[in-house]
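Student: With the sequence shown counted from 1, adding 18 to any position gets you the working numbering.
Glycine included, C-beta positions come from ideal geometry on N, C-alpha and C.
No experiment lies behind these values; they were computed from the predicted model shown.
I have a structure I would like to understand better, so I am pasting it below and will then ask my questions one at a time.
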Amino acid sequence: MTDKHDEINPEELRDELLDLAEVIRRLYENGELLESAPQLIKIFGNLRSQLFEYEVRHTGRLFGQQDDLPEVAEAQRIVNDAARQLEDEEDELWWHRFTAEPEEEEEC
């Protein structure tokens with residue numbers, strides 16, 4: 019499974035930021051800036067995520083010293099493994115809800 023953030027292209031990200039700046043300028047000129055807040059918040063959220071991923075994956079500047087990188091990578095691997103295991107367990111529980119055999123209830 020490919021993460022959408024793995025595909026971040028710096029040139030495309032820069033273009034998206036410039037497009038956003040142009041949209042904000044036009045909304046301001048038309049007196050529609052604040053009325054467009056819900057749409058802008060969504061766009062800001064998407065771009066913020068992409069910017070963060072760009073900083074982490076392409077520049078490494080958010081890590082600080084280069085010595086930290088192996089520890090951070092190991093921590094990320096552990097978190098990803100745990101998340102994957104939870105997803106697998108949730109999938110298994112979901113599947114059991116639709117099996118033909120009813121679950122046996124334990125008697126107390």
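First and last residue of the alpha helix (DSSP H) that includes GLY63?
Tutor: Taken as a continuous stretch (DSSP letters only), the alpha helix (DSSP H) holding GLY63 covers 55–71.
Student: Could you give the DSSP three-state label for ASN27: helix, strand or coil?
Tutor: DSSP places ASN27 in coil when its eight states are reduced to three.
Student: Tell me the DSSP secondary structure of LEU15 in three-state form.
Tutor: One cannot answer for residue 15 here, as it falls past the ends of the chain, which runs 19 to 126.
Student: So, does the region 96–106 touch the region 59–67, judging by three or more C-beta pairs under 8 Å?
Tutor: The region 96–106 is not in contact with the region 59–67.
Student: Could you check how far apart the C-beta atoms of ILE26 and GLN68 are, in whole angstroms? I think they sit under 8 Å.
Tutor: Correct: roughly 6 Å between the Cβ atoms.
Student: Give the straight-line distance between the Cα atoms of GLU50 and GLU29, rounded to the nearest whole angstrom.
Tutor: For GLU50 and GLU29, the distance between alpha carbons rounds to 29 Å.
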